[in-house]
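Numbering (this note's numbering), first residue to last: 57 to 154.
The C-beta atom is built at its ideal place from N, Cα and C for all residues, glycine as well.
Everything on this sheet refers to the single structure shown next.
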Amino acid sequence: MSKARLPAIRITYCTQCQWLLRAGWMAQELLSTFGTDLGEVTLVPGTGGIFTISCNDVLVWDRKRDGGFPDAAKLKQLVRDVIDPDRDLGHADRKAKS
């Protein structure tokens, strides 16, 4: 990936619902998979049951719209599809196809 403008992930989570740990875990999963191909992963506190994940201002997951929370493999695929569609995610891709 070009170092000029690396992707930015934004995870907005509800503090009233105590979703900080869930947001942090998802951030860790993305950082473990994409590493230095990401420019930043930001956790943003919110209220009202919000849990959204965006990549470069593209909404990839909304708890209310999508019905709950993504599993790690699904989240990685959604982010990959925005930042590097040709990237092979290895076991995460194979599991989803079976």
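Given Ala83, which residues of its chain have a CB within under 8 Å of its CB, disregarding the five upstream and five downstream residues?
The residue labelled residue 83 in the question sits at position 27 within the sequence shown. Once the five neighbours on either side are set aside, the close Cβ partners of Ala83 are Ile65, Ile67, Val97 and Leu99.
Output the boundary residues of the beta strand (DSSP E) element that contains Thr68.
Locating residue 68 in the sequence shown gives position 12, where the first residue counts as 1. Element bounds for Thr68: Ala64 to Cys70.
At which residue ranges does the segment 107–131 contain complete beta strand (DSSP E) runs of 3 or more residues, listed in the order of the chain?
Runs found: 107–111 and 114–118.
Exposed or buried, Lys132, counting other C-beta atoms within 10 Å across all chains shown (16 or more means buried)?
In the sequence shown, residue 132 corresponds to position 76, counting from 1. It counts as buried.
For Arg136, does the count of other Cβ atoms within 10 angstroms reach 16, so buried, or fall short, so exposed?
Residue 136 sits at position 80 when you count from the first residue of the sequence shown. The residue in question, Arg136, is buried, as its Cβ has 16 or more Cβ neighbours within 10 Å.
Return the CA-CA distance between Thr89 and Thr71, expressed in angstroms with no decimal places.
For this step, residue 89 is matched to residue 33 along the sequence shown. For this step, residue 71 is matched to residue 15 along the sequence shown. For Thr89 and Thr71, the distance between alpha carbons rounds to 26 Å.
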